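S.K.: One structure coming up, written as structure tokens, with questions to follow.
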Amino acid sequence: MNALPGFRDFYPETLAVRRYLFDKWRTTAIRYGFREYDGPPLEPLDLYRLKSGDEIVKQLYNFIDKGEREVALRPEMTPTLARMVGAGHRNYKKPIKWFAIPQLFRYEKQQRGRLREHFQFNADIIGETDVGADAELIALAIDTMRSLGLAEQDVVVRVSDRRAWHRFLTGLGIPDEQLYTAFQAIDKMEREPVEQTRAKLGPVADQVLEFAGQKHPKDELGQLFAQLGPLAKFCEVDFKIVRGLAYYTGIVWEIHDRKGELRAVAGGGRYDNLLKLVGGVDLPALGFGMGDVVLTELLKDRGLLPAYNAGLDCFVVIADETLRLPALQMIHGLREAGISVDYALASDKVGKQFQLAAALGARFAVVVGAQEWPGGEVKVKNLATGVEERVAVAEVAKKIS
Ligand code: HAM
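Counting from 1 along the sequence shown, just add 16 to a position and that's the residue number in my numbering.
Pasting the structure below:
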């Protein structure tokens, strides 16, 4: 039986890539003073019904549980965060800077860069209206890219502002309740034929397309670019970005590969009303999500994924089966000393044991044989260079580390 469509099996090699990303996400967030949190993967359906917007609700994995509750697997982290902050914010000094690495579930059509589960690095700031907070988050996202070896030739942060869009669309006479529909049409613009976008926008299509073409960082965006300093070279004003989710209220942005071949690597922005709606507390907030799927594809395309390293320091070859028990004692001693050790669990030919050592990527083979053992020694072979030497059992740990 296969895994469900859009769900991944993580074999050790792919899990190592995931761990590599998580490690970079975590260390960069901590370097920026963010603290890690988590929430439940299953939430009340109502948490998403009103707050995330139609698109996400259509993609929910929802069902009725055995207690007759309507529940959903989390499709995004932001509503959970809003709920948690609503309940617990009094215990924390503002601004709150938190990050999480949740696995998320969306019933989407499976395609390049889109699966039905993914891991998403989320970083959010709660309780700060100043544009300095927007700059801090964008800087964190850029430095995360840089820690993975991606430079400004590889990725671009496309920045826009929903307030500017709001002012413009209201000026065109579009009522508030139709703004989200317009935002959705603009959000889809690059992935749909222009006639389709025009049809959705109706009589204001020309003006909207012209507005979407603006490139100049003015007002709040000007301040944002100034605060980003040297990192601003990663950023461009791009009003085609509005974001698909309903709750954004201010500066919004997405990170894309420069060649424009992949879907967005990350997206986020300010959502100053969501906490009031979900958490019952009126606090400004902003954040972003960065997915592992597109990011891994981009790193693979650029040759930036590290080679797989199983991390096995040595493989103990038991060349004489009568020495198994003392060999096991040595193995335990090495493991106590913090060295990773593997060995054949049952009697096997020496050649086979060496083959296994190579297949497991061990750095050293330690051969326990009848010739050396009585003299308190073993043979230690460096499997990369082939160099072999006799080493006293008591010195093996030092030799290998
Ligand atoms: P989002 O744009 O829906 O934002 O997702 C952020 C990123 O997650 C996307 O740019 C993409 O890399 C990845 N992603 C989303 N859906 C999928 C999928 N089906 N398969 C693979 N990757 C995917 C949010 O979720 C917001 N809650 C982010 C946020 C946090 N805003 C404020 N704070």
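For glycine and all other residues, C-beta sits at the position ideal for the given N, C-alpha and C.
All figures in this text were calculated on a predicted structure; none of them were measured in a lab.
Mind reading off the beta-carbon distance from Val-268 to Gly-285? Whole number of angstroms is fine, and I expect it under 8 Å.
M.R.: Yes, Val-268 and Gly-285 are in contact; Cβ-Cβ is about 3 Å, under 8 Å.
S.K.: What residue does the beta strand (DSSP E) around Tyr-287 start on, and which one ends it?
M.R.: No beta strand (DSSP E) holds Tyr-287; DSSP gives it neither H nor E.
S.K.: Compare the C-beta of Thr-30 against all C-beta atoms of chain B and say whether one is closer than 9 Å.
M.R.: Reference to chain B is not applicable here, since this structure consists of a single protein chain.
S.K.: Assuming Arg-174 and Asp-254 form a contact by the criterion Cβ under 8 Å, report the distance between their Cβ atoms to the nearest whole angstrom.
M.R.: Yes, Arg-174 and Asp-254 are in contact; Cβ-Cβ is about 4 Å, under 8 Å.
S.K.: Quick check on Asn-298: does DSSP put it in helix, strand or coil?
M.R.: Here residue 298 is Asp; the residue named in the question, Asn, does not match the sequence. Looking at Asp-298 - three-state DSSP - the assignment turns out to be coil, as it is neither helix nor strand.
S.K.: Less than 8 Å between the CB atoms is what I'm expecting for Ala-157 and Ala-282, so what's the real figure, rounded?
M.R.: Yes, they are in contact, since the Cβ atoms of Ala-157 and Ala-282 sit about 6 Å apart, within 8 Å.
S.K.: Going by the CB atoms, is the gap between Asp-317 and Phe-380 shorter than 9 Å?
M.R.: Cβ distance not < 9 Å, so Phe-380 and Asp-317 don't count as in contact.
S.K.: Could you check if Thr-94 belongs to the surroundings of the ligand HAM, using beta carbon to heavy atom distance under 8 Å?
M.R.: Flag set: Cβ of Thr-94 near the ligand HAM.
S.K.: Count the other C-beta atoms from every protein chain shown that fall within 10 angstroms of the C-beta of Gln-126, then say buried if there are 16 or more, exposed otherwise.
M.R.: Gln-126 is exposed by the Cβ-count criterion.
S.K.: Taking 8 Å as the cut-off, is the beta-carbon of Arg-122 closer than that to any non-hydrogen atom of the ligand HAM?
M.R.: Yes, Cβ of Arg-122 sits closer than 8 Å to a heavy atom of the ligand HAM.
S.K.: Comparing alpha-carbon positions, which option in Asp-54, Leu-63 and Phe-184 lies nearest Asn-138?
M.R.: It is Asp-54 whose Cα lies nearest to the Cα of Asn-138.
S.K.: Please report how far the alpha carbon of Leu-240 lies from the alpha carbon of Ala-151, in whole angstroms.
M.R.: If you take the alpha carbons of Leu-240 and Ala-151, they lie about 6 Å apart.
S.K.: When you measure from the CB of Met-306 to every non-hydrogen atom of the ligand NAP, does any distance come out below 8 Å?
M.R.: The ligand NAP is absent from the structure shown, which contains only the ligand HAM.
S.K.: Could you tell me which of Leu-290, Ala-215 and Val-294 sits nearest to Gly-303, measuring between CA atoms?
M.R.: Selected option, being the one with the closest Cα: Leu-290.
S.K.: Does the region 199–214 come within contact of the region 73–90, defined as at least 3 CB pairs closer than 8 Å?
M.R.: The answer is no - the region 73–90 does not touch the region 199–214, with fewer than three Cβ pairs under 8 Å.
S.K.: Counting along the chain, where does the beta strand (DSSP E) carrying Asp-140 start and finish?
M.R.: Looking at the DSSP string, the run of the beta strand (DSSP E) that includes Asp-140 is 133–142.
S.K.: Pairing CB atoms from the region 22–31 with CB atoms from the region 119–134, are three or more of them under 8 Å?
M.R.: Yes, they touch.
S.K.: Enumerate in chain order the residues of its own chain whose CB-to-CB distance from Gly-165 is below 7 Å, with the five nearest sequence positions on each side excluded.
M.R.: The answer, listed in chain order, is Leu-320.
S.K.: Indicate whether Val-171 and Phe-115 have their beta-carbon atoms separated by less than 9 Å.
M.R.: Against a cut-off of 9 Å, the Cβ pair of Phe-115 and Val-171 comes out as no contact.
S.K.: Any heavy atom of the ligand HAM closer than 8 Å to the CB of Ala-280?
M.R.: Result yes, Cβ under 8 Å from the ligand HAM.
S.K.: Using 8 Å as the cut-off, can you tell me whether the region 304–314 makes contact with the region 358–367, which would need three or more C-beta pairs spanning the two stretches below that distance?
M.R.: Touching, no, given that fewer than three Cβ pairs across the two stretches are closer than 8 Å.
S.K.: With a threshold of 8 Å (Cβ to nearest heavy atom), would His-6 be considered close to the ligand HAM?
M.R.: This structure gives no information on residue 6, because the portion of the chain shown stretches from 17 to 417.
S.K.: Rounded to whole angstroms, how far is the Cβ of Arg-178 from the Cβ of Val-258, which I believe are closer than 8 Å?
M.R.: Going by Cβ atoms, the distance from Arg-178 to Val-258 rounds to 6 Å, so yes, they are a contact pair.
S.K.: Rounded to a whole number of angstroms, what is the C-alpha to C-alpha distance between Pro-209 and Leu-217?
M.R.: About 13 Å.
S.K.: Heavy atom of the ligand HAM less than 8 Å from the Cβ of Asp-140, yes or no?
M.R.: At least one heavy atom of the ligand HAM is nearer than 8 Å to the Cβ of Asp-140, so yes.
S.K.: Whose C-beta lies closer than 7 Å to the C-beta of Ala-394 among residues of the same chain, with five residues either side of it excluded?
M.R.: Here residue 394 turns out to be Val, not Ala, going by the sequence shown. The residues are Val-382, Val-383, Val-384, Glu-388, Val-407, Val-409 and Val-412.
S.K.: For the ligand HAM, is there any heavy atom lying closer than 8 Å to the beta carbon of Val-171?
M.R.: No, the ligand HAM has no heavy atom inside 8 Å of this Cβ.
S.K.: Is Gly-285 near the ligand HAM, with its Cβ less than 8 Å from a heavy atom?
M.R.: Gly-285: yes, Cβ under 8 Å from the ligand HAM.
S.K.: Name the DSSP bridge partner or partners of Gln-371?
M.R.: Gln-371 is not bridged to any residue.
S.K.: So is the beta-carbon of Gly-102 under 8 Å away from any non-hydrogen atom of the ligand HAM?
M.R.: Result no, Cβ not under 8 Å from the ligand HAM.
S.K.: Take Leu-153 and list the residues in its own chain whose beta-carbon comes closer than 7 Å to its own, dropping the five residues that flank it on each side.
M.R.: Closer than 7 Å at Cβ, skipping near neighbours: Ala-139, Ile-141, Gly-284, Leu-302, Gly-303 and Phe-304.
S.K.: Taking Cβ to Cβ, would you say Pro-111 is nearer than 9 Å to Ala-155?
M.R.: Taking 9 Å as the Cβ cut-off, Pro-111 and Ala-155 do not qualify as a contacting pair.
S.K.: Going straight from the alpha carbon of Lys-231 to that of Gly-238, what length do you get?
M.R.: So the alpha carbons of these two residues sit roughly 11 Å apart.
S.K.: Determine the burial state of Met-161: buried for a count of at least 16 other Cβ atoms within 10 Å of its Cβ, exposed for fewer.
M.R.: Counting Cβ neighbours within 10 Å, Met-161 comes out buried, since at least 16 surround it.
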